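First residue of the sequence shown: 9, per the numbering used here; consecutive thereafter.
Glycine included, each C-beta is placed from N, C-alpha and C at the ideal position.
These figures come from a predicted structure and were not determined experimentally.
Below you'll find the structure, written out as structure tokens, and then a few comments.
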Amino acid sequence: MRRSVFAPLALLAGLAAPAATAQPSSCLPPDPCRLRGRPGEVSIVFIGDSGYGLGGSSEWGTHAQGEVASRLEALCPRPDMVFFLGDNIYWRGSPDLFAPRFDTVYQRLLGPEGGRVRAALGNHDIKGCELSARAAATPPLTCADALVDLVREDVRAEAAATGLTPAVGPWVDERVREEARGVAPADCPPAFDSAYEQSQEVGNECYASAALRHAPFGYGLRGGNPLRYYTVDWPGADRLAQDPGAPRVRVVVADSNTLDLGGAEHDAPPVSALSGRQDRLQVLWLENQLRTAREDTWTFVALHHPLYTPRGCAFKLLGRCLGGHGDYPSLRDQLAPVFGLGGPRPAPTIAPDFVFAAHNHFYARSHALDARGYPATTPNGIRHFVTGGGGAPLYRMQPLHERFAAGGSFHHFVYLRLRADEAYFWAIDDKGGVRDQGCFRRGESRDGCISRGTYDGDDLACEAMALDAQTCTPPEAR
Numbered sequence: 009m010r011r012s013v014f015a016p017l018a019l020l021a022g023l024a025a026p027a028a029t030a031q032p033s034s035c036l037p038p039d040p041c042r043l044r045g046r047p048g049e050v051s052i053v054f055i056g057d058s059g060y061g062l063g064g065s066s067e068w069g070t071h072a073q074g075e076v077a078s079r080l081e082a083l084c085p086r087p088d089m090v091f092f093l094g095d096n097i098y099w100r101g102s103p104d105l106f107a108p109r110f111d112t113v114y115q116r117l118l119g120p121e122g123g124r125v126r127a128a129l130g131n132h133d134i135k136g137c138e139l140s141a142r143a144a145a146t147p148p149l150t151c152a153d154a155l156v157d158l159v160r161e162d163v164r165a166e167a168a169a170t171g172l173t174p175a176v177g178p179w180v181d182e183r184v185r186e187e188a189r190g191v192a193p194a195d196c197p198p199a200f201d202s203a204y205e206q207s208q209e210v211g212n213e214c215y216a217s218a219a220l221r222h223a224p225f226g227y228g229l230r231g232g233n234p235l236r237y238y239t240v241d242w243p244g245a246d247r248l249a250q251d252p253g254a255p256r257v258r259v260v261v262a263d264s265n266t267l268d269l270g271g272a273e274h275d276a277p278p279v280s281a282l283s284g285r286q287d288r289l290q291v292l293w294l295e296n297q298l299r300t301a302r303e304d305t306w307t308f309v310a311l312h313h314p315l316y317t318p319r320g321c322a323f324k325l326l327g328r329c330l331g332g333h334g335d336y337p338s339l340r341d342q343l344a345p346v347f348g349l350g351g352p353r354p355a356p357t358i359a360p361d362f363v364f365a366a367h368n369h370f371y372a373r374s375h376a377l378d379a380r381g382y383p384a385t386t387p388n389g390i391r392h393f394v395t396g397g398g399g400a401p402l403y404r405m406q407p408l409h410e411r412f413a414a415g416g417s418f419h420h421f422v423y424l425r426l427r428a429d430e431a432y433f434w435a436i437d438d439k440g441g442v443r444d445q446g447c448f449r450r451g452e453s454r455d456g457c458i459s460r461g462t463y464d465g466d467d468l469a470c471e472a473m474a475l476d477a478q479t480c481t482p483p484e485a486r
């Protein structure tokens, strides 16, 4: 959001409803959930735009971070992974708010074993920042050398943390490496927190480095430095030893703030535009991580800004929509070739199964989409989710484009249970209700319905959706 639109409202809201200041408890009572993970499954939660604190009113409406967090905490068994999709701390990512707006709210997920929570940077987490003038590699080293070092460090660190053997085959795809050789140093910014510095055009502080170094967010360290984009491979060796049938999952967490966002309407200029630089290294890294994933792996891309989204609207003034966001065509054009959906490079089927984003404060789910952004008729369509209802005040949603299967303006998170060849998902709201659900089989673009079972049950079954059906009828409503 542009600061000029909401700053006065934010001030009034701050006077009316001061932020919570509770600190995280040093010791939690025993976890009431005693159930272990379900055999043959991996469970994941995605949640975005959450960081407002424990209830109350704010800039343009009520927020519900505490209520959503309580529903998330009610999941049992605990999810294997929880990904926060940015805007984790409103308004400007201040470290003073890390504890009351994150550590305290999600302390059950953060401990005692830890390692479950990971995060992406949102635009509010890097307010006041821009890309620095630093390059990831200085002559005689090239951007290709930086890519190799980055992948090596990323894969090594993840392998050490999980006990996994790195993916079969080379860690760096040679086609990607060759393209990186031609990238100018100016378009090869570091993958670490050193890529951000305080903007000279904005008066507030830049807290990106503080966020990346705050351990509960789960960014992790690579050679003592935190990565602003990184890979998570799951499950680890211990889990695989106990459950050899557990599916493999790769989540590629991107920092969309430094990608080409095109200066979309109602947005402040992206940090790449402020600096005049392109983050080519990140794009090549993302493509590499998709190309080198094992064929039997469920693949996700997680980032803050959505490629596709229904038009959002914070509120209307004189009939005009203020705030909220629409599609990011520049981001789509930048990433479509990476996903193997167009472009000059040879493209085996490397499209991720899912792209999860936030930024708009509501829920939306697409059909499996092709390179044009329309429902796919080929097996490698991508399902896009917008899950920005983690607690921030909600946006109105404009009418859905035909690419979307479902959507609504409500606080929520998305819960997935993955099996070897089936994926089940539920949008669970702040009252514990299921607002959307479905399933599909690996390699199929056709949506499916959950014919048996609920998100907290052990017995699940997936059936193909009838050709004339628009949505799935929840089993309890049949």
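Buried or exposed for residue i, going by 16 or more other Cβ atoms inside 10 Å?
i	result
D467	exposed
G253	exposed
T386	exposed
C84	exposed
A216	buried
G22	Unreliable placement is indicated for G22, whose pLDDT of 33 sits below 50; no coordinate value is reported for it.
K439	exposed
P37	exposed
P255	buried
E430	buried
Q31	Confidence at Q31 is low in this model, with a pLDDT of 43, below 50, so its placement is unreliable and the value that follows should be read with caution. Flag for Q31 reads exposed.
D57	buried
G59	buried
A302	At residue 302 the sequence reads Arg, which differs from the Ala that was named. Exposed is the call here.
V176	Confidence at V176 is low in this model, with a pLDDT of 36, below 50, so the placement of that residue should be treated as unreliable; the coordinate-derived value is given next. Burial call: exposed.
C470	buried
D39	exposed
E186	exposed
E182	exposed
D246	exposed
C41	exposed
K324	exposed
D515	As shown, the chain starts at 9 and ends at 486. That puts residue 515 outside it, with no answer to give.
E526	Since the displayed the chain opens at 9 and closes at 486, residue 526 lies outside it and no answer follows.
Please say whether residue j and residue i have beta carbons closer to each other than 7 Å?
i	j	result
H369	P314	no
D378	A384	yes
R496	L139	The structure shown does not extend to residue 496, since the chain spans only 9 to 486, so no value can be given for it.
H419	A435	no
S51	R425	yes
N296	V125	no
G109	G74	According to the sequence as given, residue 109 is Arg; it is not Gly. No.
G416	L408	no
L339	L267	yes
T317	V394	yes
L269	Y336	yes
V191	V159	no
N265	L129	yes
E293	V257	Correcting the residue type first, residue 293 is Trp in the shown sequence and not Glu. No. Outside cutoff.
E81	R116	yes
H392	V346	no
So residue i packs on residue j, CB below 8 Å; how close in whole Å?
i	j	result
G94	H333	The Cβ separation is near 13 Å, so there is no contact.
R299	I358	5 Å
C137	Q206	7 Å
F308	D361	7 Å
G398	I97	The Cβ separation is near 12 Å, so there is no contact.
A144	A199	7 Å
A310	Q290	Their Cβ separation, rounded to whole angstroms, is 13 Å, which puts A310 and Q290 out of contact at 8 Å.
V113	V90	That pair is no contact at about 12 Å.
G446	G456	6 Å
R404	C321	4 Å
A219	F225	6 Å
R288	Q406	Rounded, the Cβ-Cβ distance is 33 Å, inconsistent with contact.
Based on the DSSP output, what are the partners of residue i in its beta bridges?
i	result
L330	F323
L117	In the DSSP output, where bridge partners are listed per residue, L117 has none listed.
D437	H420
R373	F393, A414
A431	L426, F448
N388	Answer by DSSP bridge pairing: none, since N388 is not bridged.
M89	I52
T112	Partner(s): none; T112 has no beta bridge.
M405	G320
D241	R258
- Message: Under 8 Å: do the segment 206-215 and the segment 142-154 share three or more Cβ pairs, one atom per stretch?
- Response: no
- Message: Count Cβ pairs between the segment 99-117 and the segment 237-256 that sit closer than 8 Å; are there 3 or more?
- Response: no
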